[in-house]
Amino acid sequence: MSAGAVRTADPAVEAGRSTVWRGMARGAGSRLVVLPVSALLGIVLTRLVIENYGRDAFAQYGLLVGIGALLPFADLGISAAVMNAVGAAPRPGQDDHVWRVLVTAFRVLLGSAAVLALVAVTLTVSGLWPTLLGAGLLPGSGPPVAMTCLLLIAAAMPVGIGQRVLAGLGRNHVSILVLGAQTPLVLGTVLVLMWWDVPIGPAVAVVAYAATLLLSVLLTVLAGRELRPALGRALRDVPRWRTVRGARVFDVAWPMLVQMIALPIAMQTDRIVLSHRADAGALAEYTLAAQMFTPIWAVVSAAGVTLWPVYARARARGRQSSPVPMAGLFGGLAALMAGGVALASSWLAELASGGRILLGCPLVAAFALLMVLQGVKYPLGMFMTDSAGLRFQALMIVLMLPVNVGLSWYLAGSLGAVGPVIGSVIGVAGSQVLANLLYVRRKLRRTDGPAR
Numbered sequence: 021m022s023a024g025a026v027r028t029a030d031p032a033v034e035a036g037r038s039t040v041w042r043g044m045a046r047g048a049g050s051r052l053v054v055l056p057v058s059a060l061l062g063i064v065l066t067r068l069v070i071e072n073y074g075r076d077a078f079a080q081y082g083l084l085v086g087i088g089a090l091l092p093f094a095d096l097g098i099s100a101a102v103m104n105a106v107g108a109a110p111r112p113g114q115d116d117h118v119w120r121v122l123v124t125a126f127r128v129l130l131g132s133a134a135v136l137a138l139v140a141v142t143l144t145v146s147g148l149w150p151t152l153l154g155a156g157l158l159p160g161s162g163p164p165v166a167m168t169c170l171l172l173i174a175a176a177m178p179v180g181i182g183q184r185v186l187a188g189l190g191r192n193h194v195s196i197l198v199l200g201a202q203t204p205l206v207l208g209t210v211l212v213l214m215w216w217d218v219p220i221g222p223a224v225a226v227v228a229y230a231a232t233l234l235l236s237v238l239l240t241v242l243a244g245r246e247l248r249p250a251l252g253r254a255l256r257d258v259p260r261w262r263t264v265r266g267a268r269v270f271d272v273a274w275p276m277l278v279q280m281i282a283l284p285i286a287m288q289t290d291r292i293v294l295s296h297r298a299d300a301g302a303l304a305e306y307t308l309a310a311q312m313f314t315p316i317w318a319v320v321s322a323a324g325v326t327l328w329p330v331y332a333r334a335r336a337r338g339r340q341s342s343p344v345p346m347a348g349l350f351g352g353l354a355a356l357m358a359g360g361v362a363l364a365s366s367w368l369a370e371l372a373s374g375g376r377i378l379l380g381c382p383l384v385a386a387f388a389l390l391m392v393l394q395g396v397k398y399p400l401g402m403f404m405t406d407s408a409g410l411r412f413q414a415l416m417i418v419l420m421l422p423v424n425v426g427l428s429w430y431l432a433g434s435l436g437a438v439g440p441v442i443g444s445v446i447g448v449a450g451s452q453v454l455a456n457l458l459y460v461r462r463k464l465r466r467t468d469g470p471a472r
């Protein structure tokens with residue numbers, strides 16, 4: 021038998037079968053606990069905004085909230101390096117490599133945050149926000165609100181490292197529970213501001229980003245306690261450029277960066293496309309449907325990200341296992357959840373909008389199918405988090421980008437809200453699910469060859 025990688029029946033050979041399943045159960049279970057609360061309170065928030073400030077204010081809220089989904093690339097892919105380093109280390113709190121990776125991560129994130137803040141101010145001073153975001157941005161209040169949102173995103177970037185550390189430690193459920201407090205916090209803040217007669221309607225997105233910043237700080241504090249003394253030591257060493265050198269991170273960071281740039285453009289520009297190609301009604305329909313279905317994506321992500329450190333440890337110990345059965349399981353669970361939301365979509369739309377927004381069957385069906393595809397692809401992607409796998413995923417997403425955006429732009433003009441969702445379904449099915457499946461099977465065949 022070769023001394024190279026050995027394929028085993030399950031990565032739980034190293035992590036412990038019960039530990040793997042317990043981690044996924046805690047991640048998905050935490051999300052399922054948070055999900056109904058966030059969904060219900062999100063509906064209440066939607067109703068408050070629509071009834072008190074109008075449909076256009078709600079459309080701007082959805083548009084600006086979408087900015088956050090477009091900007092995960094601002095961390096330059098550093099999250100992949102952090103999760104791989106923490107996940108693979110036997111004792112990450114005392115690991116020298118983990119400490120150096122964290123030093124580099126903080127330095128990069130601080131620099132990226134400064135650039136993003138400069139972009140926010142430049143867009144506002146130059147008056148380019150309406151051109152960038154389209155008619156969904158309210159005249160007058162829209163540009164300064166958009167700038168404030170982007171500044172809050174920039175401020176949250178360096179402290180967002182705590183969430184990645186917790187994921188690498190197999191404690192992603194802690195992040196889920198803490199971030200699950202965002203919707204109650206936003207709703208409570210909006211209610212207080214309404215009680216004080218503050219005209220918060222156009223700026224609800226600002227409240228959302230401020231809540232995220234606050235909770236991200238809390239997560240980093242919790243991560244520091246879990247990763248003693250490495251995280252605190254890294255923070256102290258950030259300004260010591262001459263005496264403290266960081267670790268190499270860009271071998272995995274750059275392909276992750278490419279994904280973080282291309283994937284949000286492909287998957288999260290739908291609201292901007294609709295803002296340019298359709299009317300406010302179509303944008304509001306899409307936003308409401310997305311609020312119903314994207315929590316399913318969040319549940320899948322919560323369970324799936326727990327596989328990242330499992331596969332990282334397996335690779336570090338020369339062991340591989342097929343993620344295909346797990347992909348089937350994830351797809352089946354996503355289908356069950358999507359079917360339930362689809363059946364309740366009419367009632368949820370009535371409850372959320374008071375009958376002002378109606379969701380057609382094509383839009384509901386397209387979102388349900390997209391959620392199933394996201395479920396199938398997640399374990400495959402978590403398996404492919406070494407440098408070669410990340411490079412392949414980056415290539416496929418770059419190839420998907422013109423197809424997805426082009427189809428979304430074309431179909432939005434004729435089909436309205438459902439058009440961009442159909443574009444996403446086609447892009448994900450071909451460039452992520454099918455492509456990743458072929459890559460995984462080829463890699464496992466190569467692993468089996470020398471093992472015999």
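The working numbering applies: residue 21 is where the sequence shown begins, and numbers increase by one. Beta carbons: idealized from backbone N, C-alpha and C, even for Gly.
For residue i, the first and last residue of its enclosing alpha helix (DSSP H)
i	result
G107	98 to 108
S444	438 to 448
G252	250 to 257
P345	344 to 373
D290	290 to 297
D116	116 to 145
V269	Taken as a continuous stretch (DSSP letters only), V269 belongs to no alpha helix (DSSP H), as it is neither H nor E.
S434	407 to 435
R184	181 to 188
G380	It is not in any alpha helix (DSSP H) - G380 carries neither H nor E in the DSSP assignment.
I220	No alpha helix (DSSP H) contains I220, which DSSP labels as neither H nor E.
G324	300 to 324
Q202	202 to 215
V264	Counting along the chain, V264 falls outside any alpha helix (DSSP H), and DSSP gives it neither H nor E.
P159	Per DSSP, P159 belongs to no alpha helix (DSSP H) and is neither H nor E.
S195	192 to 199
Check whether residue i and residue j have beta carbons under 8 angstroms apart
i	j	result
A137	L186	no
I70	L368	no
R473	R262	With the chain covering only 21 through 472, there is no way to say anything about residue 473.
L242	G147	no
R51	A362	no
A388	G359	yes
S444	M287	yes
L383	A336	no
L122	A225	no
S19	V179	The question about residue 19 has no answer here: the residues shown for the chain are numbered 21 through 472.
A455	Q394	no
P440	V218	no
G82	T232	no
I98	L129	yes
V165	V344	no
I316	M402	no
G156	A79	yes
Y398	G447	no
L65	V198	no
W429	R291	no
A77	A101	no
I285	L421	yes
L247	G43	no
R127	G244	no
W41	A254	no
S195	L239	yes
Residue environment, residue i, which counts as buried when at least 16 other CB atoms sit within 10 Å
i	result
E305	buried
W57	For clarity, residue 57 is Val in the given sequence; the question names Trp instead. With fewer than 16 Cβ atoms within 10 Å of its Cβ, V57 is classed as exposed.
A230	buried
P159	exposed
G47	buried
G426	exposed
G141	Contrary to the premise, residue 141 reads as Val rather than Gly in this sequence. It counts as exposed.
C169	buried
T203	buried
L458	exposed
R465	exposed
R256	exposed
V453	buried
L189	buried
A134	exposed
A364	exposed
Closer than 7 angstroms: residue i CB and nearest the ligand ATP heavy atom
i	result
R297	Ligands displayed in this structure: none; no statement on the ligand ATP is therefore possible.
The region 408 to 422 touching the region 275 to 288, judged by at least three CB pairs closer than 8 angstroms: yes
Given 8 angstroms, three or more beta-carbon pairs between the region 329 to 339 and the region 97 to 113: yes
Touching by the beta-carbon criterion (3+ pairs, under 8 angstroms), the region 428 to 442 and the region 412 to 419: Result no; under three Cβ-Cβ pairs closer than 8 angstroms.
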